[in-house]
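Chemist: Protein chains in written order, with the numbering used here: chain A, 173 to 934; chain B, 4 to 327.
Note that beta-carbon positions come from the ideal geometry of N, C-alpha and C, so glycine has one too.
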């Protein structure tokens, strides 16, 4: 009989309390003994399917008689749609339907009741959609739709939107306070400080650029709506479709076999999913609505640009106070990620005051982007800490050490479940050769090239929690089907879950088939917030244990041996002196099936579960051209037990590269006069290329199970590796050149400007 | 992309006949197809030149210089070892141009005629001056990649990596149309858009580039190509510099300094080049030349950094001509 208990989970920097249904007892922590699978490098179980093209991504879904949908998007940043004339578009051969604000049914979407607004509020906002027999016809039909727009005043720039002359987009203004934190007496500490650094930092808008653009293919059979969607949360999409279409859950199925990246932007239903579903249900043919690269970069989310002011005070060899105020351009978003999160929680500093503001503009809405807020905030905070260390004349790591060792979360006062941040510093400093670091940098490969070292810290969640379910059932031939409601965002979810299952059950990895990405499976959480492994993994382990115990019972009966004298190893039931393959035992009972069930148990509400880490950078800077070359990144993370060192390392390398873009090259430009995104493409929006990759990336893990986290002792790794890289690079550049660049990305223009300032000063 | 008809003639004369109004020549397609997909060029006929014999490949006759067929893929200029000996600047200039895929498809003639990369020009929804609109959006807009010198109504920049290198070697081009043939200096192909000249190239309607020639005298020059990008591959130049000179007993003769990425045309200043005639290309002379090349530059809001970069790359390029 299940019981209801209160649980406390962290998600993307916020703590949530929830009610959890619990049945039975959790397993004790997996012990430290040697295992066949867990702790070993395993290539992805679906690697072959992915690289051969056999894996089915949403964009690979072509259904018989499928319609192609294209969306007409507003060319203006703010306008009223007064009239739409679709006669010419509808007359085009092959066009099957047109939807717009005057004929579309009401559909709830993010707090509004329509997907085609009367007042369009950014370039790219949905105005109409066309379904046609093929893509070209749909695209041509868009050109034939005549829209009468009444243009309205707009603002796209963060700092303009904060100012007095900008049009007010919301009745209570463009700026809204989102969160504040205060502890101690900041004013007093500032007054008594030996040094106070006051600086303004900026970060630019970063676009996700998932290789697979957002999109959905919807199919309605008169009874059930099936939606194939590139999503991080099949259940979230189902929830969104239920709200929009007013269908019961039983009539909606959402499937995501494989996805080509999400990075936070594919967390729920999109307008494209609703549009495809409306056409499918109205026209009785499957409908496919997949965004182009241009649309992807207009209307599928971004990381907010920020303006951040920091005052940080030091006395002796300590940080005594931090004041941090952040403004974030959320575009037409309804929420804001919190850049002051790291300031509030990373360091045990007695006096802290922070404020985070949301600023709306006529640009595409933000969406979560891999450690939203923390990437932006850590850039500012960790640059400021270095600036203070320099002012106090002490080593940047020494200053951090004073505040990084506390076993308690300074925000909540709760104890951390585990923490090895100082160990991360020790390992990282050793790997990068921190002892070589000199004020003023080191000589580079030529007289006009200087080298520098820098580092930065990260704090993030990733403890996960309930609800998350898994079932494990055995086929009569001894092969195993592991079913869970999670999906693989690309981190290797299938592989690590199969490893956990194989170990706990005692079967070969190759015999475990993982079924995920389908709302027909028992519930799984969103693949975001770095929670997947820590949420689903423990449930898989319980399900596999349950199946193993049932199997041993079956084997005991078949072999006429007490279950206590049996164990399962490598797909074989081992008894004293005999080895019987599982297939032989299960063959005897044929289709009588062993089904193991597992559910994630709640977290200890008295503990704060966090991941910690530090990145170190060695850079070389050409002082005359401003060119930055990142030579070496050392990434050290404390994320509990490592299930698969290979996929874990890949995750860190991917995070470092995405951070490299944020740090050096990636920046969305919006023309202020027209509100148009000038570089929503892969030419001028500069994602790092293979040549930009650092010569060396060293990945290290503390690799100690977090004994109080969950039955595996694991925590998440999706987001931690993108958080500290940009600050580490900026700190290394400052070390190399004496030039402090407070705006990410560190473009040529910014580097050359800062070098000129530094030269004028010296 | 709009519907169009397609022809692939095998004779030049046939191709020229087909290049009537509304028809556009297609070679590697690396620029044209993008322009068509973005709705900027809507031809009714594409005349595919790739089936024409005789416009591909290169040859060298002693005393008569180097001839390069307009349809020669860029990758061939980059990868050919003899050409690498003869004119190493080609490899240097092409090495960091676009990507290996684009260099495989792209042709020499197409490279010379590529349209500029200004993001206002490339955005179908922005009615910029060059496309027939009333004003340049970049002047008061997002202009970090735009011109710092030599611009008039339009502040786009010359995007090619190959062009500055060829101009530094006094390249000439042969043009053909159904009305006949003509020749010009490559440098004269480029137009800074102004007044009624809302175009980047002095090509006449229906005209094709058939050949590029490097005079024999220029082949005696030493040359170098420097390029600054905002990432380490697959980027147009923020600033690029091709420099070439004949070095005789430690002094420079016939000096050429040609910049890309800073002006609507490949940027040369005759006075700067003359000033270096007979120079040992010492630091002072190079710095002075950089000042002369960039005299009168008027950076926009976001592109002042190009001036710093251009000075340094000019200095570096010239210095490297006399480096051991």
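Kindly indicate which three-state DSSP category residue 23 (chain B) falls into: helix, strand or coil?
Modeler: Translated into positions along the second chain, residue 23 (chain B) becomes position 20. Coil.
Chemist: List in chain order: all unbroken alpha helix (DSSP H) runs of 4+ residues lying wholly within the segment 104-167 of chain B.
Modeler: Counting only runs of 4 or more, we get 111-115.
Chemist: Could you pull out every unbroken beta strand (DSSP E) segment of at least 3 residues lying fully inside the segment 179-223 of chain B, listed in chain order?
Modeler: Complete beta strand (DSSP E) runs here, min 3: 183-188 and 211-217.
Chemist: Residue 191 (chain B) CB to nearest chain A CB: under 8 Å?
Modeler: What you label residue 191 (chain B) is simply residue 188 of the second chain in a count that begins at 1. Answer no: the Cβ-Cβ gap between residue 191 (chain B) and chain A never drops below 8 Å.
Chemist: Establish whether the CB of residue 834 (chain A) and some CB of chain B are separated by less than 8 Å.
Modeler: In the first chain, the residue the question calls residue 834 (chain A) occupies position 662. No, no contact with chain B.
Chemist: Among A:568, A:293 and A:276, which one has its Cα closest to the Cα of residue 846 (chain A)?
Modeler: Position 674 of the first chain, counting from 1, holds the residue named residue 846 (chain A). The residue with the shortest Cα to Cα distance from residue 846 (chain A) is A:293.
Chemist: At which residues does the beta strand (DSSP E) containing residue 747 (chain A) begin and terminate?
Modeler: For the purposes of this step, residue 747 (chain A) is identified with residue 575 of the first chain, where counting begins at 1. Note, residue 747 (chain A): beta strand (DSSP E), 744-747.
Chemist: So if DSSP puts residue 461 (chain A) in a beta bridge, which residue, or which two residues, is it bridged to?
Modeler: Working through the first chain from its first residue, we reach residue 461 (chain A) at position 289. In DSSP, residue 461 (chain A) forms a bridge with A:388.
Chemist: Report, in whole angstroms, the separation of the C-beta atoms of residue 605 (chain A) and residue 627 (chain A), which I expect to be a contact under 8 Å.
Modeler: Within the first chain, numbered from 1, the residue matching residue 605 (chain A) stands at position 433. Within the first chain, numbered from 1, the residue matching residue 627 (chain A) stands at position 455. The Cβ separation is near 12 Å, so there is no contact.
Chemist: Would residue 320 (chain A) pass as an interface residue toward chain B - the criterion being a Cβ-Cβ separation below 8 Å?
Modeler: Within the first chain, residue 320 (chain A) is the residue found at index 148, counting from 1. Closer than 8 Å: no.
Chemist: Using 8 Å as the limit for Cβ to Cβ distance, is residue 305 (chain B) near chain A?
Modeler: Start at 1 with the first residue of the second chain, and residue 305 (chain B) comes out as number 302. It does: the Cβ of residue 305 (chain B) has a partner Cβ on chain A nearer than 8 Å.
Chemist: I'd like the span of the beta strand (DSSP E) that includes residue 87 (chain B), first residue to last.
Modeler: What you label residue 87 (chain B) is simply residue 84 of the second chain in a count that begins at 1. Taken as a continuous stretch (DSSP letters only), residue 87 (chain B) belongs to no beta strand (DSSP E), being part of the alpha helix (DSSP H) at 84-89.
Chemist: Do three or more CB pairs link the segment 552-563 of chain A to the segment 491-503 of chain A at distances below 8 Å?
Modeler: Output reads yes: the segment 491-503 of chain A touches the segment 552-563 of chain A.
Chemist: Restricting to Cα atoms, I'd like to know which of B:320, B:323, B:322 and B:311 is closest to residue 797 (chain A).
Modeler: Counting from 1 along the first chain, the entry for residue 797 (chain A) is found at position 625. Checking every option, the nearest Cα to that of residue 797 (chain A) belongs to B:311.
Chemist: Specify whether the segment 453-463 of chain A and the segment 705-725 of chain A touch according to this definition: at least 3 beta carbon pairs, one from each stretch, less than 8 Å apart.
Modeler: Short answer: they don't touch.
Chemist: Does the Cβ of residue 39 (chain B) have 16 or more other Cβ atoms within 10 Å, making it buried, or fewer, making it exposed?
Modeler: Translated into the one-based positions of the second chain, residue 39 (chain B) becomes position 36. Answer is buried; the Cβ neighbour count reaches 16.
Chemist: So who's on the other strand from residue 271 (chain A), going by DSSP bridges?
Modeler: By one-based count along the first chain, residue 271 (chain A) stands at place 99. Its beta-bridge partners are A:301.
Chemist: In the DSSP assignment, what are the bridge partners of residue 578 (chain A)?
Modeler: Counting from 1 along the first chain, the entry for residue 578 (chain A) is found at position 406. Residue 578 (chain A) pairs with nothing; no bridge assigned.
Chemist: Give, in chain order, every unbroken run of the beta strand (DSSP E) that is at least 3 residues long and sits entirely within the segment 794-870 of chain A.
Modeler: Fully enclosed beta strand (DSSP E) runs of 3 or longer: 800-810.
Chemist: Hey, how far is the Cα of residue 591 (chain A) from the Cα of residue 560 (chain A)?
Modeler: Stepping through the first chain from its first residue, residue 591 (chain A) is reached at position 419. Stepping through the first chain from its first residue, residue 560 (chain A) is reached at position 388. Roughly 25 Å separates the two Cα atoms.
Chemist: Where does residue 81 (chain B) sit, in a helix, a strand or coil, going by DSSP?
Modeler: To locate residue 81 (chain B), count along the second chain from 1; it is residue 78. Residue 81 (chain B) falls in the helix class under three-state DSSP.
Chemist: Below 8 Å, how does it come out for the segment 15-30 of chain B and the segment 642-652 of chain A: are there three or more Cβ pairs, yes or no?
Modeler: Touching, no.
Chemist: Hey, is residue 34 (chain B)'s beta-carbon within less than 8 Å of any beta-carbon in chain A?
Modeler: Within the second chain, residue 34 (chain B) is the residue found at index 31, counting from 1. For residue 34 (chain B), the answer is no, since every Cβ of chain A falls outside 8 Å of its Cβ.
Chemist: With distances taken Cα to Cα, identify the nearest neighbour of residue 114 (chain A) among A:852, A:692, A:445 and A:608.
Modeler: Only positions 173 to 934 of chain A appear in the structure, and residue 114 (chain A) is not among them; the question remains open.
Chemist: Looking at the secondary structure, which residues open and close the alpha helix (DSSP H) in which residue 208 (chain A) lies?
Modeler: Counting from one through the first chain, the residue named residue 208 (chain A) turns up at place 36. First-last for residue 208 (chain A): undefined, no H or E at that position.
Chemist: Mark residue 867 (chain A) as exposed unless 16 or more other C-beta atoms lie within 10 angstroms of its C-beta, in which case mark it buried.
Modeler: Working through the first chain from its first residue, we reach residue 867 (chain A) at position 695. Exposed, since its Cβ has fewer than 16 Cβ neighbours within 10 Å.
Chemist: Within the segment 416-482 of chain A, note down every full beta strand (DSSP E) run reaching 3 residues or more, in order along the chain.
Modeler: Runs of the beta strand (DSSP E) inside the segment 416-482 of chain A: 424-427 and 459-462.
Chemist: Per DSSP, which one or two residues make a beta bridge with residue 584 (chain A)?
Modeler: Stepping through the first chain from its first residue, residue 584 (chain A) is reached at position 412. In the DSSP output, where bridge partners are listed per residue, residue 584 (chain A) has none listed.
Chemist: Would you please verify whether the beta carbon of residue 82 (chain B) is less than 8 Å from any beta carbon of chain A?
Modeler: Stepping through the second chain from its first residue, residue 82 (chain B) is reached at position 79. Closer than 8 Å: no.
Chemist: Can you pull the chain A residues whose beta carbon is under 7 Å from the beta carbon of residue 147 (chain B), in chain order?
Modeler: Within the second chain, the letter at position 144 stands for residue 147 (chain B). Those are 921, listed as they occur along chain A.
Chemist: Check whether the segment 181-196 of chain B and the segment 205-212 of chain B are in contact - that is, three or more C-beta pairs closer than 8 Å.
Modeler: The segment 181-196 of chain B, when compared against the segment 205-212 of chain B, does touch it at the 8 Å Cβ threshold.
Chemist: What are the start and end residues of the beta strand (DSSP E) that includes residue 397 (chain A)?
Modeler: Position 225 of the first chain, counted from the start, is the residue given in the question as residue 397 (chain A). Note, residue 397 (chain A): beta strand (DSSP E), 397-401.
Chemist: So which of B:153, B:212 and B:148 has the shortest CA-CA distance to residue 174 (chain B)?
Modeler: For the purposes of this step, residue 174 (chain B) is taken as the residue at position 171 of the second chain. The candidate whose alpha carbon is nearest that of residue 174 (chain B) is B:212.
Chemist: Is the closest heavy atom of the ligand SAH to the C-beta of residue 180 (chain B) under 7 Å?
Modeler: The ligand SAH is not part of the structure shown, which contains no ligands of any sort.
Chemist: Using 8 Å as the Cβ pair cut-off and three pairs as the minimum, do the segment 302-311 of chain A and the segment 349-367 of chain A touch?
Modeler: Short answer: they don't touch.
Chemist: Counting C-beta neighbours from all protein chains within 10 Å, is the total for residue 176 (chain A) 16 or more, i.e. buried, or is it exposed?
Modeler: Mapped onto the first chain, residue 176 (chain A) falls at position 4. Result: exposed.
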